[in-house]
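Heads up: the sequence lines are chains L and Z, in that order. Mapping of the first sequence onto the working numbering: residues 882 to 1116, in sequence order. Mapping of the second sequence onto the working numbering: residues 241 to 399, in sequence order. Note that the Cβ used here is the ideal one computed from N, Cα and C, for glycine as well. Keep in mind that this is a model prediction, so the values were computed, not measured. First the structure, in the form of structure tokens, and then the observations on it.
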Amino acid sequence: MHTIPPSILALRPGRTPACHGVSYGRGGLHRAFVGAVLLSAVSGAASAYTATLNPASPQTIYLQVGVGSFTNDYIYGGQPENNTTVNTVSVTVASAVLGNGAAQAMTTNSTATQSYWDGYTYCSVPAQLYIGGFYRTTGAATAAAQITATVPTALTDATGDSIAFSKIQWTSSGNGDTGTEPFPAGTFVNGGVQTVGSMASNTWNESCWTFSYLNNTLPPVGTYTGVVLYTMTAP
Amino acid sequence: MNTGSAWSRPFFLAVALTIIWTAAAQAKTITIDDSGSQALEPSVTLRWKTAAPSRTASDNVMVGTTTIRVRINIMPWLRHSGRIYLALPAQQPGPIRLSWITQGRFLPGQLQSGNRVLVYAGAITAPFMEDTFTFQFTVAGTLMRRAVPVTYHFEMDED
Chain L
882 MHTIPPSILA LRPGRTPACH GVSYGRGGLH RAFVGAVLLS AVSGAASAYT ATLNPASPQT
942 IYLQVGVGSF TNDYIYGGQP ENNTTVNTVS VTVASAVLGN GAAQAMTTNS TATQSYWDGY
1002 TYCSVPAQLY IGGFYRTTGA ATAAAQITAT VPTALTDATG DSIAFSKIQW TSSGNGDTGT
1062 EPFPAGTFVN GGVQTVGSMA SNTWNESCWT FSYLNNTLPP VGTYTGVVLY TMTAP
Chain Z
241 MNTGSAWSRP FFLAVALTII WTAAAQAKTI TIDDSGSQAL EPSVTLRWKT AAPSRTASDN
301 VMVGTTTIRV RINIMPWLRH SGRIYLALPA QQPGPIRLSW ITQGRFLPGQ LQSGNRVLVY
361 AGAITAPFME DTFTFQFTVA GTLMRRAVPV TYHFEMDED
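Put into structure tokens, the structure is as follows:
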């Protein structure tokens, strides 16, 4: 079949010459024969449709760390949206246990508990931070998308004191989860870019992170902050 | 007389076998002239069947539809009967599923590349057959790095 515009179809050589000229002596017969040959050739070329399959906007990436936005759950036709919220993970260490080496659980202000895939309550707040997303692309043997964290050297307070970022670590899980986490447990580096997970193409990936402060040093009393930027890079 | 009968039987048997063999040899499949058909879209835009992929497994399916006003020339079989098939040869980019609906002149159906499916069987009573087909192509996104031409055609099995 020919999936080409009608105007092009109209210009294609037709078959009608083969229906003419079956008389008028020798010359007429000769023309009729030529017409029949053309008919055969054209018929072979014209009797198959060609549809050009064209992948449209094939590449899509979505990364959610903390809260995110979907128009609806994916299985109900939801579409990903942009969300610029920056969530925090924090802990207040009581003076009685400061620096005693007992890891202190951190909590988040993120309210993201449900997976936008199906609405399933996957993470528990405020203990866990949701991280998830997907990566859509066409073509075979594409490499996984990488998710990296750009980490400052340290958390700092207003007077310039600091706590190394490597004093913060996380575990990874999810309600009812089994198997390997796409975003596994880890510990921040002290400044730099580190890989925190990957997504194979055309799969939905999600984990719930539980952060903790190692609490094995004695920094000056203060409020220490630092911002980690998560980036998804698709091939 | 008896001798004559003994000769005549094998003779008629041989003739009958020859006729049957000849008829079987003449049955053939012919690609039908469809040059009167018109495509309503110049290409088939493939989109992900689902906006986001599956949680548990890779979800690569892409789908695209196109509508064609089919007009096939079946004049050579006028006043005969025949079976018309829609054929999708095996071809690049790989396995393709094609399904279609019609306005009723032909049968709706679906097939995998490398196969054909019956869309009409019966008497050929007019020189042309027309119908509007809405085709849906389904193909794995892993096969679709770029635009790919796919061919398919109607063919006649003569009765």
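> To the nearest whole angstrom, what separates the beta carbons of L/Phe1069 and L/Ser1047, a pair I think is in contact under 8 Å?
Replying inline: 6 Å
>> Among L/Asp999, L/Leu1095, L/Gly1041 and L/Val1074, whose alpha-carbon lies nearest the alpha-carbon of Z/Arg295?
In response: Closest by alpha carbon: L/Asp999.
>> Buried or exposed, going by whether 16 or more other CB atoms sit within 10 Å of the CB of Z/Gln352?
In response: exposed
> What separation, rounded to the nearest whole angstrom, lies between the Cα atoms of Z/Ser474 and Z/Ala361?
Replying inline: This structure cannot settle anything about residue 474 of chain Z, because the visible part of chain Z is limited to 241 through 399.
> Is Z/Met369 close to chain L, meaning its C-beta is less than 9 Å from at least one C-beta of that chain?
Replying inline: The beta carbon of Z/Met369 sits no closer than 9 Å to any beta carbon of chain L.
> Can you tell which of L/Gly947, L/Asn981 and L/Thr966 has the C-alpha that lies nearest to the C-alpha of L/Asn1097?
Replying inline: L/Asn981
>> In whole angstroms, give me the CA-to-CA distance for L/Tyr1011 and Z/Thr378.
In response: Looking at the two C-alpha atoms, the distance is approximately 34 Å.
>> I believe L/Tyr1085 touches Z/Ala292 by the beta-carbon criterion, under 8 Å. Please report the beta-carbon distance rounded to the nearest angstrom.
In response: Note that residue 1085 of chain L is Trp in the sequence shown here, rather than Tyr. Between Z/Ala292 and L/Trp1085 the Cβ distance is about 6 Å, and since that is below 8 Å, they are a contact.
>> For Z/Pro367, tell me which candidate among Z/Trp317, Z/Thr307, Z/Phe346 and Z/Lys268 has the shortest Cα-Cα distance.
In response: Z/Trp317
> Around the C-beta of Z/Arg345, are 16 or more other C-beta atoms found within 10 angstroms, so that it is buried, or is it exposed?
Replying inline: By the Cβ-count criterion, Z/Arg345 is exposed, with fewer than 16 other Cβ atoms from all chains shown falling within 10 Å of its own Cβ.
> Going by alpha carbons, who is nearest to L/Thr1114 out of L/Thr1040, L/Val978 and L/Gln1075?
Replying inline: Looking only at L/Thr1040, L/Val978 and L/Gln1075, the smallest Cα-Cα distance to L/Thr1114 is reached by L/Gln1075.
>> Using C-beta distances below 7 Å, list every residue in its chain close to Z/Thr382, excluding the 5 sequence neighbours before and after it, in chain order.
In response: Asn300
>> Quick check: the Cα distance between L/Ile885 and L/Asp954, rounded to an integer number of angstroms?
In response: Legend: pLDDT at L/Ile885 = 31, less than 50; position of this residue unreliable, no value from coordinates given.
> Between Z/Ile341 and Z/Leu347, what straight-line distance do the alpha-carbon atoms span, to the nearest angstrom?
Replying inline: 8 Å
> Grouping DSSP H, G and I as helix and E and B as strand, with all else coil, what is Z/Ile272?
Replying inline: coil
>> Mapping the DSSP letters down to three states, classify Z/Trp340 as helix, strand or coil.
In response: The answer is strand: DSSP assigns Z/Trp340 an E or B state.
> For Z/Ser275, which residues of its own chain have a beta-carbon under 8 Å away from its beta-carbon, when the five flanking residues on both sides are left out?
Replying inline: Asn313
> DSSP on Z/Phe394, reduced to helix/strand/coil?
Replying inline: strand
>> Cβ closer than 9 Å: which chain Z residues qualify as neighbours of L/Asn935?
In response: Ser283, Val284, Thr285, Leu286, Gly304, Met384, Arg386, Ala387 and Val388
>> In the DSSP output, which residue or residues are listed as bridge partners for L/Ser1043?
In response: DSSP, once it has assigned bridges, lists L/Thr1037 as partnering L/Ser1043.
>> Does any residue of chain L have a CB that is nearer than 9 Å to the CB of Z/Thr290?
In response: yes
> Residues of chain Z with CB under 9 Å from L/Tyr1003, in chain order?
Replying inline: Within 9 Å Cβ-Cβ: nothing; L/Tyr1003 doesn't reach chain Z, min ~10 Å.
> Nearest chain L C-beta to Z/Ala279 closer than 9 Å, yes or no?
Replying inline: yes
> To the nearest whole angstrom, what separates the beta carbons of L/Ser1028 and L/Tyr1111, a pair I think is in contact under 8 Å?
Replying inline: The residue asked about is misnamed: residue 1028 of chain L is Ile in this sequence, not Ser. That pair is a contact at about 6 Å.
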